[in-house]
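Trainee: Supplied in structure tokens, the structure appears directly below.
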Amino acid sequence: QSARPRCRVSGGEPVVRLVEPRLRGQGGRNQQLVLAAMDRLAKHPDFRPRDRGRLVLLSGGTDGEDGPTDAAGAMLRREVWDAAERLGLSAEDYLRRNDAYSFFQQTGGLLLTGTTGTNVCDVRVLVVRPDVT
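Numbered by my numbering, the letters in the sequence shown go through residues -6 to 126 in order.
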């Protein structure tokens, strides 16, 4: 086990399966990806509440746009977990409605960059800090 943080960077555009329009909320593919990761982590038997502070996940469009929103994407970090818990929000419920934007707007997880003037696809960055138990 390394005592240093680990970082993974990837690119490419994630694919999202959309629900029917009358049920659909707001959000984009990067916001949906981060929310799906949060939901999967929360349900994983080895993921503990204290692990929330060990990782940061960012997914965003390099052009500053993610779906029909003003956000470039979203970022998952401890503060987002804490806000969701405090507000009683269920990632699964928002995922089901393709409403990641509303979830991250309430929890402070939106990545707001404005238009960047460049577009080299979407980028994801995952940083995992070592467990300091």
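Cβ atoms here follow ideal geometry from the backbone N, Cα and C, with glycine treated the same way. It should be emphasised that the depicted structure is a prediction, and the values quoted were computed from it without experimental measurement.
Between the alpha carbons of Gly107 and Asp63, how many angstroms are there, rounded?
Mentor: 7 Å
Trainee: Taking 6 Å as the limit between beta carbons, can you name the residues of its chain near Arg71, skipping five residues before and five after?
Mentor: Arg45 and Gly46
Trainee: Between which residues of its own chain and Leu119 is the CB-CB distance below 6 Å, once the five residues before and five after are set aside?
Mentor: Excluding sequence neighbours, Leu119 sits near Arg1 and Leu50.
Trainee: So the alpha helix (DSSP H) Val12 belongs to, where does it begin and stop?
Mentor: Unbroken run through Val12: none, as it is neither H nor E.
Trainee: Determine the closest residue to Gly110 out of Leu69, Arg89, Gly57 and Leu88, with distance taken between C-alpha atoms.
Mentor: Gly57
Trainee: Going by DSSP in three states, Arg71 sits in which element: helix, strand or coil?
Mentor: Correct three-state label for Arg71: helix.
Trainee: From which residue to which residue does the alpha helix (DSSP H) around Asp115 run?
Mentor: Run containing Asp115: none in the alpha helix (DSSP H); it sits in the beta strand (DSSP E), Asp115 to Val121.
Trainee: Taking Ala67 as the reference, which of Ala35, Val116 and Arg17 has the closest Cα?
Mentor: Val116
Trainee: Using a Cβ-Cβ cutoff of less than 6 Å, which residues in the same chain neighbour Ala77 once the five nearest sequence positions on both sides are dropped?
Mentor: Thr100
Trainee: Which residues in the same chain as Cys114 place their Cβ atom closer than 7 Å to its Cβ, once the five residues preceding and following it in sequence are excluded?
Mentor: Gly4, Gly5, Glu6 and Thr55
Trainee: Looking at C-alpha atoms only, which residue of Asp86, Gly60 and Pro(-2) is the closest neighbour of Arg33?
Mentor: Asp86
Trainee: Kindly indicate which three-state DSSP category Arg47 falls into: helix, strand or coil?
Mentor: helix
Trainee: When DSSP labels each residue in this structure, what does Arg(-1) get in the three-state scheme?
Mentor: strand
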